[in-house]
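Going by the UniProt record's numbering, the residue at position 133 of the sequence shown is 133; the numbering climbs one at a time, nothing skipped.
Note that CB positions come from ideal geometry on N, CA and C, so glycine has one too.
Computed from a predicted structure; not experimentally measured.
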Amino acid sequence: MTDKYSAAEDVLPVARTLLQATGWDGVTRALMLAGKQLPVLAESKRQPENLVPGCDSEVWIDSKCCEGKQLYCAYSPSKIIRGVLSVLLEKANTMSEEEVATFKFDDYLTRLGLQQHLSQSRAYGIRKVIARLHALAAVQC
Numbered sequence: 001m002t003d004k005y006s007a008a009e010d011v012l013p014v015a016r017t018l019l020q021a022t023g024w025d026g027v028t029r030a031l032m033l034a035g036k037q038l039p040v041l042a043e044s045k046r047q048p049e050n051l052v053p054g055c056d057s058e059v060w061i062d063s064k065c066c067e068g069k070q071l072y073c074a075y076s077p078s079k080i081i082r083g084v085l086s087v088l089l090e091k092a093n094t095m096s097e098e099e100v101a102t103f104k105f106d107d108y109l110t111r112l113g114l115q116q117h118l119s120q121s122r123a124y125g126i127r128k129v130i131a132r133l134h135a136l137a138a139v140q141c
């Protein structure tokens with residue numbers, strides 16, 4: 001597997017902005033813009049059962065069935081984390097539950113060049129987010 005996606009590969013729009021960003025400032029800007037694309041979890045759903053444990057910034061993730069497919073929504077007060085969530089959910093919301101359950105989101109973030117910019121504590125939290133996505137995907141619509 002290569003470190004980054006080649007230009008020929010199909011990359012989703014939010015992920016593409018990350019690939020085009022240069023340096024930490026560019027990545028930060030791209031993540032903050034990406035956060036505006038996040039399918040936001042309603043305040044009423046920001047309950048303890050949807051809170052992802054182990055994240056420095058609070059993160060809530062849930063899914064809902066829509067036309068026989070799960071759609072994932074999330075929220076975090078952190079602009080950077082909202083951007084990372086947007087990248088993850090952009091991908092997850094194009095996949096079946098079976099695909100989400102087995103997809104290597106860590107590798108995906110690495111190939112987008114994002115993992116290298118995450119602190120150890122943020123990377124740990126993102127692994128917890130990915131585990132939550134995998135768990136939600138195990139519940140079929």
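CA-CA distance, Trp60 to Arg16, rounds to 25 Å. Only residues of its own chain outside the window of five on either side were considered, and among them Val52, Pro53, Gly54 and Cys55 have a CB closer than 7 Å to the CB of Lys128, listed in chain order. Shown here, Asp62 sits in a strand according to DSSP, grouped into three states. By the Cβ-count criterion, Glu97 is buried, with 16 or more other Cβ atoms from all chains shown falling within 10 Å of its own Cβ. Considering only Glu43, Lys69, Ala92 and Gly26, the residue with the shortest C-alpha distance to Ser76 is Glu43.
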